[in-house]
Every structure is written in structure tokens, then in C-alpha cells.
Amino acid sequence: MSNVAIVGIGMHEFGRTDGVSGMDQGVTAVRRALADCGRQWSDMQFAVGGSMDGGAADTMVSRIGLTGLPFTNVVNGCATGGTALAQAVNTIESGAADVGIAIGFDKHEPGAFRIRGPRGKDWYGGSGLALTTQFFGMKITRYMHDYGISQQSLARVASKAFRNGSINPMAWRRKPLSEQEVLDSLMLSYPLTQYMFCSPGEGGVAMIVCSADKAKEYTDRPIYLQAAAVRTRKFGSFEVLAPSISIEHDPGPTSAASKAAFEMAGIGPEDVDVAQLQDTEAGAEIMHMAENGFCEHGEQEQMLANGDTEINGRLPVNTDGGCLANGEPIGASGLRQVYENVLQLRGDAGERQVPNEPKVAYTHVYGAPGISGVTILSR
Amino acid sequence: MTSTVAVADGIFSIENGQPKLLGSRCTNCGNHMFPRQKGCPKCMFDEQEDVELATTGTLWTWTVQAFPPKSPPYLGPTGDDFVPYGVGYVELPGQLRVEARLTESDPEKLVIGMEMELVIDPLSIDDDGNQVVTYAFAPTSNGASS
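As given, the protein sequences belong to chains A and B, one line each in that order.
Here my numbering is used: the first residue of the first sequence is 17, the next is one more, and so on.
Here my numbering is used: the first residue of the second sequence is 103, the next is one more, and so on.
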């Protein structure tokens with residue numbers, strides 16, 4: 017049984033918001049999260065926040081209130097938001113505080129991430145190898161070769177994302193795209209086309225967590241955190257931005273974080289009713305279905321053909337449109353997944369509500385340089 | 103007189119026009135690393151020796167870089183002059199898998215398991231008129247694939 021509850025959530029719309037800084041989007045998310053549970057910033061006993069390109073999160077107190085609270089900045093790549101939440105959960109679990117807030121926001125320049133090594137020695141970027149997009153193309157190429165996944169399945173995943181995004185008012189990409197339109201779009205990193213990739217974007221998310229025994233003081237619909245786990249790569253795992261990898265194989269940080277989270281929660285993948293899985297590109301969602309334990313490698317081909325991961329399917333995946341439809345503001349992305357799951361468990365997801373009152377919801381983020389964060393929530 | 107210079111020191115050497123990748127080998131567990139580094143991520147031992155890595159191997163996976171990377175950091179031609187290039191991991195038997203540009207960028211001609219060999223690959227001309235090169239793998243001339 018969990019000791020920590022999520023009692024307030026807030027989000028700034030994802031996408032491109034000209035003239036509004038990443039931090040301002042974080043501030044909006046904070047205000048909305050406070051309003052969601054009827055509290056003030058002065059009620060927060062601590063904050064944990066992070067952003068990659070949006071500035072140091074703790075400086076936002078000059079706009080929302082100089083209350084003197086302890087505010088910890090977190091920078092942990094694509095798992096920044098997930099790490100902020102995990103740290104907030106640990107703070108509550110430890111008894112150091114009763115209530116606090118986790119915050120993630122970002123605003124990136126358009127196009128693929130610009131990744132630079134030490135000045136004057138940047139042989140890797142100089143040679144044209146420092147692109148995350150290449151890793152995703154290479155990982156799915158090998159995976160398709162090993163497990164018989166088709167390019168049609170990549171298109172199915174992307175088309176589903178944009179269909180789900182089209183009914184999510186907070187999403188960036190809200191125009192449905194057919195599988196054929198996805199396949200016919202510009203080839204960026206074979207076998208991945210333009211519409212199979214998410215784009216760096218903007219957005220902010222905040223959530224208020226408190227000790228479970230006090231949750232009802234904040235809301236009549238608390239959502240309980242059954243697990244929050246973060247893991248980094250082990251020797252032998254195949255990761256983004258690696259000039260070399262070993263021949264020895266490790267299943268990677270996603271499998272490790274997933275196993276740890278299921279152990280903490282005392283449940284298994286079969287108990288999950290809705291899942292948000294890192295879909296930096298369509299292939300990632302497919303691989304992450306297996307790495308998180310929801311199927312065997314290769315089973316995804318049939319599952320996708322069956323529509324198992326649709327909103328009304330056996331295991332709905334990325335019900336809010338995922339990274340593909342929402343874009344990826346690094347600091348906020350992991351918390352967006354949790355936000356969506358809170359909506360789903362409250363029954364507040366509107367047109368994209370998963371039927372039959374889901375009880376257990378799962379999130380997974382993955383990113384450079386080989387880090388994964390998993391949460392499991394329940395009503 | 104222009105000369106050929108490597109994109110950075112300590113990554114690969116060029117002798118008689120032939121490149122060699124500069125790696126390390128852990129003196130405790132035998133793990134290979136590229137580029138050279140101190141400290142073994144496998145056994146945590148901190149004594150490594152310098153080795154030259156194998157110059158042939160097999161293609162483990164690949165993609166094609168079809169759009170111009172941002173410059174900086176990319177040194178190759180961009181904009182309208184951009185030329186797509188392959189990117190892959192080549193498995194050097196008994197050593198490791200090295201990430202590299204591939205001289206072949208046609209998806210029809212890239213096959214997992216095909217034999218590859220190390221070559222030098224021109225990137226740009228620097229301010230002194232030198233040809234800046236990096237390393238790449240090319241399908242071996244006999245084109246065999248396993």
C-alpha cells in the first residue's frame with residue numbers, strides 16, 4: 017500500500033507558445049495544480065523542479081512567492097520530470113514533509129536536438145554522429161530484423177498517436193494522420209519518417225503530492241503512487257549517443273526500472289489498465305511495450321494489428337497522443353504522462369477516457385544517456 | 103599543398119592512407135573501449151592499455167542520416183550541399199561494436215551482417231586549406247554478406 021498520493025495536477029498546453037518562456041509555462045502549471053486542490057503556494061513545504069533549456073527551476077519563486085521553502089533543482093535528461101516526482105515521493109516517504117510539489121517545464125529550439133561535445137574536440141558531432149534520431153533508427157532497424165516487426169506497425173503506432181492527440185485539448189499535434197500519410201512523409205532516419213518522430217517542443221506540468229493519510233484533506237479523489245523508480249544503464253545496454261557498445265547484451269534501464277516498479281507495487285504487467293510509454297518515435301513505443309513487460313518481443317506486430325493498444329483496446333497505450341502528438345519538452349515530458357494517468361484514473365479524460373473505470377496506470381520515460389523512469393498509480 | 107588532418111586527435115590514426123581506430127583494452131577483464139578511456143565500465147578496474155582496433159567487421163545495425171545535422175557541431179556540407187550518409191554499428195569480432203559513418207547510404211544496399219572495412223571519409227576543408235577527415239566503414243569490395 018502506498019504512502020504517497022497525488023492530490024493536485026496542473027499543465028500548460030504542450031506545443032509552441034510564442035512569447036511565453038518555458039519557465040512561465042512552468043509557473044502556469046504550478047498555479048493550475050494549486051487551484052486543482054484549492055491550495056496556495058505558501059502551503060507547499062518543499063518543491064522539486066527541473067528543465068533542460070528553460071532555466072533553473074528554483075528561480076520561479078520570484079514570481080510565485082518567496083516563501084522560503086526548500087526547492088531542489090533536478091536535471092536528469094529525459095527523466096527530469098520523472099526524477100523530480102521520484103524525489104518528491106521520497107521526501108514524503110521519509111517523513112521530512114507532508115506536502116510538496118514536483119515541477120517540470122521546457123522550451124527547445126525547433127529541429128533535432130543540437131548536441132555538442134567539448135569545444136575544439138568535438139569529433140563526434142563534427143563527424144555527424146551526435147543525433148538522437150540516428151540511435152532510434154538503428155535500434156528499431158535491429159529490432160525489426162530480430163523480431164519481425166514491420167514498417168506498417170510503425171505507421172500504426174504513429175497514426176494512433178495523432179488520432180488520440182486529435183481528441184486531447186492540451187496536445188500539440190491535433191490533426192489525425194492516416195497510416196499511409198505517415199509512411200509517405202519525409203524519410204528522416206531510415207526506417208523512420210517525419211511523422212514517426214516526435215519533435216522537441218514546449219510545455220509545463222506540476223503536481224502536488226502529499227502523505228496518503230492526509231490526501232482526503234486536499235481532494236476527494238486522491239490518486240496513489242504505488243511505485244516510482246528511476247534506473248540508469250548497465251554494462252552491455254544499447255543506448256543513445258554511444259560511440260561504441262559492447263558485444264555483451266543487457267536488456268537496458270527500462271527493463272530494470274520496470275521490474276523495480278512492479279516489485280515496489282506488488283503487482284504485475286497484467287494488472288495495468290492503461291500505460292503511457294516513451295514514444296520518442298513510433299519504434300520506441302513498440303520496443304518499450306516488451307521492455308516494460310507488457311508482451312514478449314515480437315508480439316507487438318499482432319497486438320497492433322488487433323488494435324490492442326487503442327483507447328478501447330486490451331492495453332491502451334499513450335492515450336493522450338504521447339510524445340508524438342505532444343512533442344517533447346524534456347523537463348515536462350515525464351510528468352505529462354503522469355498527468356494523463358491521473359485524469360484517466362479520476363475518470364476525467366473526456367473523449368479519450370479509457371472505458372470500464374481503470375484502476376491501475378503505468379508511465380515510462382526513457383532518454384539520454386540511458387535512463388528510465390517508471391511510475392505506477394492507482395485509485 | 104593541402105594535407106589530410108583528422109577531425110580530432112586520439113580517435114584514429116592514419117598511416118599510408120589507412121586509418122586505425124584507437125581503443126583501450128582493460129588489463130583486468132579484457133573489455134575493449136572506444137574512444138580510449140581510463141576506467142573500465144565492466145569491471146571498474148582502472149588500468150587500461152592502448153590497442154588498435156580491428157579494421158574489418160560486420161554491420162550490426164544501421165540507419166541513413168537523410169537531413170542535414172545542425173552546424174555547429176556538424177563539419178560536413180549542409181544546406182543544399184548536404185549529402186545523406188549511412189550511420190551504423192560495426193561489430194569488430196571479439197572486441198566491440200563501433201558507431202561510424204557508412205560510405206553507403208542506399209537502404210537497398212545496407213544489410214545487417216554484411217562485411218565492412220574501415221576507411222577515411224572527407225568532411226570539410228579547414229581554414230588552412232587542409233582536408234579534414236573522419237573515419238567511416240565501407241562495404242568490403244567483395245560485397246559478401248553473411
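All C-beta atoms in this analysis are idealised placements derived from N, C-alpha and C, irrespective of residue type, glycine included.
Considering residue i, what are the terminal residues of the alpha helix (DSSP H) in which it resides?
i                 : result
Asn322 of chain A : 316-322
Ser110 of chain A : Ser110 of chain A -> no alpha helix (DSSP H), and no H or E assigned at all.
Glu29 of chain A  : Segment 20-31 is the beta strand (DSSP E) holding Glu29 of chain A; no alpha helix (DSSP H) there.
Ser169 of chain A : 167-181
Val43 of chain A  : 38-52
Phe114 of chain B : Phe114 of chain B -> not in any alpha helix (DSSP H); beta strand (DSSP E) instead, spanning 114-117.
Lys122 of chain B : Premise fails: Lys122 of chain B lies in the beta strand (DSSP E), 120-128, not in any alpha helix (DSSP H).
His304 of chain A : 298-307
Arg352 of chain A : 346-362
Gly338 of chain A : 338-342
Val333 of chain A : Where Val333 of chain A is concerned, there is no enclosing alpha helix (DSSP H), given that its DSSP letter is neither H nor E.
If you count every other CB in all the chains shown that lies within 10 Å of the CB of residue i, and 16 or more means buried, which is it?
i                 : result
Gly38 of chain A  : buried
Arg330 of chain A : exposed
Thr352 of chain A : Strictly speaking, residue 352 of chain A in this sequence is Arg, with Thr absent from that position. Buried: at least 16 other Cβ atoms inside 10 Å.
Asp162 of chain A : exposed
Glu344 of chain A : buried
Cys142 of chain B : buried
Glu356 of chain A : buried
Gly338 of chain A : buried
Thr129 of chain B : exposed
Gly116 of chain A : buried
Thr107 of chain A : buried
Ser175 of chain A : buried
Lys191 of chain A : exposed
Gln321 of chain A : Note that residue 321 of chain A is Ala in the sequence shown here, rather than Gln. Counting Cβ neighbours within 10 Å, Ala321 of chain A comes out exposed, since fewer than 16 surround it.
Thr75 of chain A  : exposed
Ile25 of chain A  : buried
Tell whether a beta-carbon distance below 8 Å holds between residue i and residue j.
i                 : j                 : result
Asp295 of chain A : Val173 of chain A : yes
Ile346 of chain A : Met60 of chain A  : no
Gly31 of chain A  : Trp188 of chain A : yes
Thr236 of chain B : Arg203 of chain B : yes
Ala45 of chain A  : Gly220 of chain A : yes
Ile392 of chain A : Gln292 of chain A : no
Glu301 of chain A : Val333 of chain A : yes
Phe121 of chain A : Gly299 of chain A : no
Phe136 of chain B : Ser253 of chain A : no
Ala222 of chain A : Ala49 of chain A  : yes
Ala231 of chain A : Val23 of chain A  : yes
Ile239 of chain A : Ala51 of chain A  : no
Gly112 of chain B : Leu124 of chain B : yes
Phe251 of chain A : Lys140 of chain B : no
Thr206 of chain B : Pro241 of chain B : According to the sequence shown, residue 206 of chain B is Glu rather than Thr. Cβ atoms of Glu206 of chain B and Pro241 of chain B: closer than 8 Å.
Which residue comes first and which comes last in the beta strand (DSSP E) that contains residue i?
i                 : result
Phe251 of chain A : Unbroken run through Phe251 of chain A: none, as it is neither H nor E.
Glu149 of chain B : That residue, Glu149 of chain B, is in no beta strand (DSSP E); it is neither H nor E in DSSP.
Leu177 of chain B : Segment: none, Leu177 of chain B is in no beta strand (DSSP E) and carries neither H nor E.
Val166 of chain B : 158-167
Leu204 of chain B : 198-204
Val64 of chain A  : 63-66
Glu193 of chain B : 187-194
Val198 of chain A : It is not in any beta strand (DSSP E) - Val198 of chain A instead sits in the alpha helix (DSSP H) that spans 195-200.
Leu393 of chain A : 387-394
Val376 of chain A : 376-383
Ala108 of chain B : 106-108
Met203 of chain A : 203-205
Between residue i and residue j, how many whole angstroms is the CB-CB distance? I'm expecting something under 8 Å.
i                 : j                 : result
Cys94 of chain A  : Gly383 of chain A : 2 Å
Glu197 of chain A : Tyr211 of chain A : 7 Å
Ile131 of chain A : Ala146 of chain A : 4 Å
Gln167 of chain B : Val189 of chain B : 6 Å
Ile116 of chain B : Ile227 of chain B : Between Ile227 of chain B and Ile116 of chain B the Cβ distance is about 17 Å, and since that is not below 8 Å, they are no contact.
Leu155 of chain B : Val213 of chain B : That pair is no contact at about 22 Å.
Val43 of chain A  : Gln103 of chain A : About 20 Å; that fails the 8 Å criterion.
Pro269 of chain A : Arg237 of chain A : Contact flag wrong, Cβ pair sits at about 32 Å.
Gly127 of chain A : Lys172 of chain B : 7 Å
Glu210 of chain B : Phe239 of chain B : Contact flag wrong, Cβ pair sits at about 18 Å.
Asn19 of chain A  : Glu109 of chain A : 6 Å
His407 of chain A : His304 of chain A : Here chain A covers residues 17 to 395 and nothing more, so residue 407 of chain A does not appear.
Ala177 of chain A : Ile119 of chain A : Ala177 of chain A to Ile119 of chain A, Cβ: 25 Å. No contact.
Val105 of chain A : Val225 of chain A : 6 Å
Gln360 of chain A : Pro371 of chain A : With a Cβ gap of about 11 Å, Gln360 of chain A and Pro371 of chain A do not count as contacting.
What do you reckon, is the C-beta of residue i under 7 Å from a heavy atom of the ligand GDP?
i                 : result
Ala298 of chain A : This structure lacks the ligand GDP; in fact it carries no ligand of any kind.
At which residue ranges does the segment 80-162 of chain A contain complete beta strand (DSSP E) runs of 3 or more residues, listed in the order of the chain?
Qualifying beta strand (DSSP E) stretches, in chain order: 87-89, 115-123.
Only counting runs of 3 or more residues, tell me where the beta strand (DSSP E) segments fall wholly within the segment 211-235 of chain B, in order along the chain.
If we require 3 residues or more, the beta strand (DSSP E) runs fully inside the segment 211-235 of chain B come out as 217-227.
Give the list of continuous beta strand (DSSP E) stretches no shorter than 3 residues that lie fully inside the segment 213-301 of chain A.
Taking only runs of at least 3 residues, the beta strand (DSSP E) segments lying wholly in the segment 213-301 of chain A are 218-227, 239-248, 290-293.
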